[in-house]
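Residue numbers (this note's numbering): 2 to 412.
Note that beta-carbon positions come from the ideal geometry of N, C-alpha and C, so glycine has one too.
Here's what the structure looks like:
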């Protein structure tokens, strides 16, 4: 007995499936369709009814069924509009001239969110370039646009940059720190790129921004100071600590060079011990760290200063008190006599105001960390992305929550 499948389930508006056959040569199921006469052909430009000039057929790839590739053989028409115009009928489920249904493109796009392109290509039997092009087109068509002009109610901005690949071009990202939403992504990490975003904000939205968290990149600071003069620039504490980690490593390398041969084994492989937070060390690692600090006075000093610097952000009662504590720490760092410590202390003194604004605006770019992890996974799966525009699309996709509709959703 034949089964009748409602058109709403099939998702093929204007088509009737007449038969389903197995094409052994192509290794796929072929659904043979004909045009549903209940749907009157209309001109997609004007919405006016047209006259059928001729009927056409073509094949398009659809979602797999029962573990088999599926191809639709669809029927559509060429419309006669007026005396001379001829236009192809537009179908809701496939682009003009496209070889894949919209839902199949979404299926591939969702696979690409979690898998490398070459893995998706092997799974679907498509070419690598085809998978990438489908993913890029689907994202460009369906991702919500970023319109700074429409932003309202944002008080705190977070600005960060990510590399397209190690040592390659950078992208600038702007987030709403309270909501965690990605507001802007642009190429480079220049003042002009960030200025473009800030200039598009409405005067009311710009005036409502109270503080901006960022690293100490002068281009970002100059752009914010020019466009948001009322906003406090808060230097991100994680970037400050990252810079201090570099200073610790400089001291470690200097100590290794001047150490006697018998002392070098203790310093070998100690970088991880010095840079990792003490609470995350294993018992064996903690014992080795204690041995290292007991044997080397300079490393003991810079490690102790690391713990004291972290406490700077623990209870910053007021801007003045935090500034006093910062000045005291800088004096201790300079007293070590170590060149990396003196340079780092001088950098902190130069940026004291932005660091101590944390007492008034306790914001950081920590909320961006999940986004940065997702971006890192994108780079890892792709082993670096040569296509910057595609990378921007993937970043915007990663900033959105996972859809609930599943991979096989028709719409």
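For residue 76 versus residue 114, is the C-beta distance shorter than 7 Å? Position 75 of the chain shown holds residue 76. Position 113 of the chain shown holds residue 114. Against a cut-off of 7 Å, the Cβ pair of residue 114 and residue 76 comes out as no contact.
Check the C-beta distance from residue 214 over to residue 195 and give it rounded, since I have them as a contact under 8 Å. Here residue 214 refers to the residue found at position 213 when the chain shown is read from its first residue. Here residue 195 refers to the residue found at position 194 when the chain shown is read from its first residue. Residue 214 to residue 195, Cβ: 13 Å. No contact.
Closest by CA to residue 59, which one among 348, 16 and 193? Working through the chain shown from its first residue, we reach residue 59 at position 58. Of the candidates 348, 16 and 193, the one whose C-alpha sits nearest the C-alpha of residue 59 is 16.
Please report how far the alpha carbon of residue 53 lies from the alpha carbon of residue 118, in whole angstroms. Here residue 53 corresponds to residue number 52 of the chain shown, with the count starting at 1. Here residue 118 corresponds to residue number 117 of the chain shown, with the count starting at 1. C-alpha separation (whole angstroms): 41 Å.
So what does DSSP say about residue 200, is it helix, strand or coil? Here residue 200 is taken as the residue at index 199 of the chain shown, counted from 1. Three-state DSSP puts residue 200 in a helix.
Distance, residue 13 Cα to residue 94 Cα: Locating residue 94 in the chain shown gives position 93, where the first residue counts as 1. Locating residue 13 in the chain shown gives position 12, where the first residue counts as 1. When rounded, the separation of the alpha-carbon atoms in residue 94 and residue 13 is 6 Å.
If you check the beta carbons only, do residue 368 and residue 178 fall under 7 Å apart? Taking the chain shown and counting its residues from 1, one reaches residue 368 at position 367. Taking the chain shown and counting its residues from 1, one reaches residue 178 at position 177. Their beta carbons are under 7 Å apart, which means residue 368 touches residue 178 by this criterion.
Should the region 191–205 be called in touch with the region 262–280, which here means at least 3 C-beta pairs below 8 Å? Contact check between the region 191–205 and the region 262–280: fewer than three CB pairs, one atom from each, fall below 8 Å, which does not count as touching.
Cα-Cα separation, residue 380 to residue 364: Here residue 380 is taken as the residue at index 379 of the chain shown, counted from 1. Here residue 364 is taken as the residue at index 363 of the chain shown, counted from 1. So the alpha carbons of these two residues sit roughly 27 Å apart.
For residue 413, count neighbouring Cβ atoms within 10 angstroms of its own Cβ and tell me buried if that reaches 16, exposed if not. This structure cannot settle anything about residue 413, because the visible part of the chain is limited to 2 through 412.
Helix, strand or coil, according to DSSP, for residue 401 in the structure here? Here residue 401 refers to the residue found at position 400 when the chain shown is read from its first residue. Coil at residue 401, not helix or strand.
Taking the C-alpha atoms as reference points, what is the distance between residue 18 and residue 105? Taking the chain shown and counting its residues from 1, one reaches residue 18 at position 17. Taking the chain shown and counting its residues from 1, one reaches residue 105 at position 104. Pairing residue 18 with residue 105, the inter-Cα distance amounts to about 18 Å.
So which of 139, 135, 56 and 70 has the shortest CA-CA distance to residue 125? If you number the chain shown from 1, residue 125 lands on position 124. Cα-wise, what sits closest to residue 125 is 70.
Just to confirm the assignment, what range does the alpha helix (DSSP H) spanning residue 287 have? Along the chain shown, one-based indexing puts residue 287 at 286. DSSP places residue 287 in the uninterrupted alpha helix (DSSP H) bounded by 284–296.
Which same chain residues, not among the five before or five after residue 109, have their C-beta less than 7 Å away from its C-beta? Here residue 109 is taken as the residue at index 108 of the chain shown, counted from 1. The beta carbon of residue 109 sits closer than 7 Å to those of 121, 125, 132, 135 and 136, all from its chain and outside the five residues before and after it, given in chain order.
Residue 375 and residue 399: beta carbons closer than 7 Å? Locating residue 375 in the chain shown gives position 374, counting from the first residue. Locating residue 399 in the chain shown gives position 398, counting from the first residue. In this structure, residue 399 lies closer than 7 Å to residue 375 by Cβ.
Have a look at residue 417 and residue 332 and give me their C-alpha separation to the nearest angstrom. No answer is possible for residue 417: it lies beyond the span of the chain, which begins at 2 and ends at 412.
Are the CB atoms of residue 341 and residue 248 within a distance shorter than 7 Å? As a position in the chain shown, residue 248 is number 247, starting the count at 1. As a position in the chain shown, residue 341 is number 340, starting the count at 1. Cβ distance < 7 Å, so residue 248 and residue 341 count as in contact.
8 Å contact criterion, which residue 46 and residue 79 should meet: CB distance rounded: The sequence position of residue 46 within the chain shown is 45, counting from 1. The sequence position of residue 79 within the chain shown is 78, counting from 1. In fact, because the Cβ distance is near 14 Å, the residues do not count as touching under 8 Å.
Beta-carbon contacts of residue 301 that lie in its chain and below 7 Å, excluding the five residues immediately before and after: In the chain shown, counting from the first residue as 1, residue 301 sits at position 300. Excluding sequence neighbours, residue 301 sits near 294.
Give the secondary structure of residue 72 by DSSP, where H, G and I count as helix, E and B as strand, and everything else as coil. Here the question's residue 72 lines up with position 71 in the chain shown. In the structure shown, residue 72 sits in a strand (DSSP, three-state: E or B).
How about residue 335 and residue 343: are their beta carbons less than 7 Å apart? By 1-based counting over the chain shown, the position of residue 335 is 334. By 1-based counting over the chain shown, the position of residue 343 is 342. Closer than 7 Å, so yes.
Using the rule of at least 16 other Cβ atoms within 10 Å of the residue's Cβ for burial, across every protein chain shown, is residue 186 buried or exposed? Stepping through the chain shown from its first residue, residue 186 is reached at position 185. Buried: at least 16 other Cβ atoms inside 10 Å.
Look at the Cβ atom of residue 31, then the Cβ atom of residue 25, and state whether they are nearer than 7 Å. Mapped onto the chain shown, residue 31 falls at position 30. Mapped onto the chain shown, residue 25 falls at position 24. No, Cβ-Cβ distance for residue 31 and residue 25 is not below 7 Å.
Do you know how far the Cα of residue 143 is from the Cα of residue 96? Within the chain shown, numbered from 1, the residue matching residue 96 stands at position 95. Within the chain shown, numbered from 1, the residue matching residue 143 stands at position 142. Cα to Cα, residue 96 sits roughly 14 Å from residue 143.
Terminal residues of the beta strand (DSSP E) in which residue 57 lies: Working through the chain shown from its first residue, we reach residue 57 at position 56. According to the DSSP assignment, residue 57 belongs to the beta strand (DSSP E) that extends over 52–66.
Taking the CB atoms as reference points, tell me whether residue 358 and residue 241 lie closer together than 7 Å. Along the chain shown, read from residue 1 onward, the residue named residue 358 stands at position 357. Along the chain shown, read from residue 1 onward, the residue named residue 241 stands at position 240. Their beta carbons are not under 7 Å apart, which means residue 358 does not touch residue 241 by this criterion.
For the alpha helix (DSSP H) that contains residue 325, what are its first and last residues? The count along the chain shown starts at 1 and reaches residue 325 at position 324. Following the DSSP letters along the chain, one finds residue 325 inside the alpha helix (DSSP H) bounded by residues 320–336.
Do residue 191 and residue 152 have their C-beta atoms closer together than 7 Å? Sequence index remark: in the chain shown, residue 191 carries index 190 (1-based). Sequence index remark: in the chain shown, residue 152 carries index 151 (1-based). Residue 152 is positioned such that its CB atom lies no closer than 7 Å to that of residue 191.
Excluding the 5 residues preceding and the 5 following residue 349 in the sequence, name in chain order all residues of the same chain whose CB lies nearer than 6 Å to its CB. Position 348 of the chain shown, counted from the start, is the residue given in the question as residue 349. Exclusion of the five residues before and after residue 349 leaves 331 as the residues of its chain whose Cβ lies within less than 6 Å of its Cβ.
Looking only at its own chain, which residues have a Cβ that is under 6 Å from the Cβ of residue 483, when we skip the five neighbours before and after it? Outside the displayed span of the chain (2 to 412) sits residue 483, for which this structure offers no information.
How should residue 372 be labelled, buried or exposed, when 16 other C-beta atoms within 10 angstroms of its C-beta is the threshold for buried? Position 371 of the chain shown, counted from the start, is the residue given in the question as residue 372. That one is buried.
Backbone CA spacing between residue 327 and residue 354 [nearest angstrom]: The residue labelled residue 327 in the question sits at position 326 within the chain shown. The residue labelled residue 354 in the question sits at position 353 within the chain shown. Residue 327 and residue 354: Cα-Cα distance of roughly 10 Å.
Closest residue to residue 82 among 219, 68, 305 and 49 (Cα-Cα distance): Translated into positions along the chain shown, residue 82 becomes position 81. Distances from the CA of residue 82 to each of 219, 68, 305 and 49 were compared; the closest alpha carbon is that of 49.
Helix, strand or coil for residue 232, going by three-state DSSP, please let me know. Translated into the one-based positions of the chain shown, residue 232 becomes position 231. The three-state secondary structure of residue 232, taken from DSSP, is coil.
If contacts are defined as beta-carbon pairs under 8 Å, then residue 389 and residue 165 qualify, I think. What distance do you get, rounded to the angstrom? Locating residue 389 in the chain shown gives position 388, counting from the first residue. Locating residue 165 in the chain shown gives position 164, counting from the first residue. Contact holds; Cβ gap of about 6 Å.
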